[in-house]
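Chemist: Residues 23 to 96, numbered by the numbering used here, are exactly what the sequence shown covers, in order.
Each residue gets a CB set at the ideal place from its N, CA and C atoms; glycine is no exception.
Let me begin by handing over the structure; questions about it come next.
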Amino acid sequence: MQFKPETASERLLPEQWADLSRGDAVWIHEEGWGYDAGKVDEVSRHHELLWIELVGRGRRLICGGDPVQVWARG
């Protein structure tokens with residue numbers, strides 16, 4: 023999906039990721055790829071790292087320095 027979904031309610035900066043919990047629904051946006059729906063699988067409380075289970079694409083590690091955006095689904 024190339025356009026921002028209506029349910030992408032708030033962009034979450036890497037320093038906010040520690041506030042997420044397992045099972046939280048998110049959108050992941052990657053330039054040139056678009057938006058993917060996912061759910062938080064694991065959250066690092068000490069580093070800017072997230073494991074996301076992407077719908078239909080499997081599990082992916084997202085790091086704070088990666089060229090992606092994490093959006094809350096609401």
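Among 85, 42, 59 and 43, whose alpha-carbon lies nearest the alpha-carbon of residue 50?
Modeler: Nearest of 85, 42, 59 and 43 to residue 50, Cα basis: 59.
Chemist: Count the other C-beta atoms from every protein chain shown that fall within 10 angstroms of the C-beta of residue 72, then say buried if there are 16 or more, exposed otherwise.
Modeler: Flag for residue 72 reads buried.
Chemist: Would you give the residue range spanned by the beta strand (DSSP E) that residue 70 belongs to?
Modeler: Note, residue 70: premise wrong, no beta strand (DSSP E); not H, not E.
Chemist: Can you pull the DSSP bridge partners for residue 49?
Modeler: Note: residue 49 sits in a beta bridge opposite 59 and 93.
Chemist: Less than 7 Å between C-beta atoms, sequence neighbours within five positions excluded: which residues of the same chain meet that for residue 27?
Modeler: Once the five neighbours on either side are set aside, the close Cβ partners of residue 27 are 49 and 57.
Chemist: DSSP three-state label for residue 28, please.
Modeler: If DSSP states are grouped into helix, strand and coil, residue 28 belongs with coil.
Chemist: Going by the DSSP bridge assignment, what does residue 64 pair with across the sheet?
Modeler: Per DSSP, 73.
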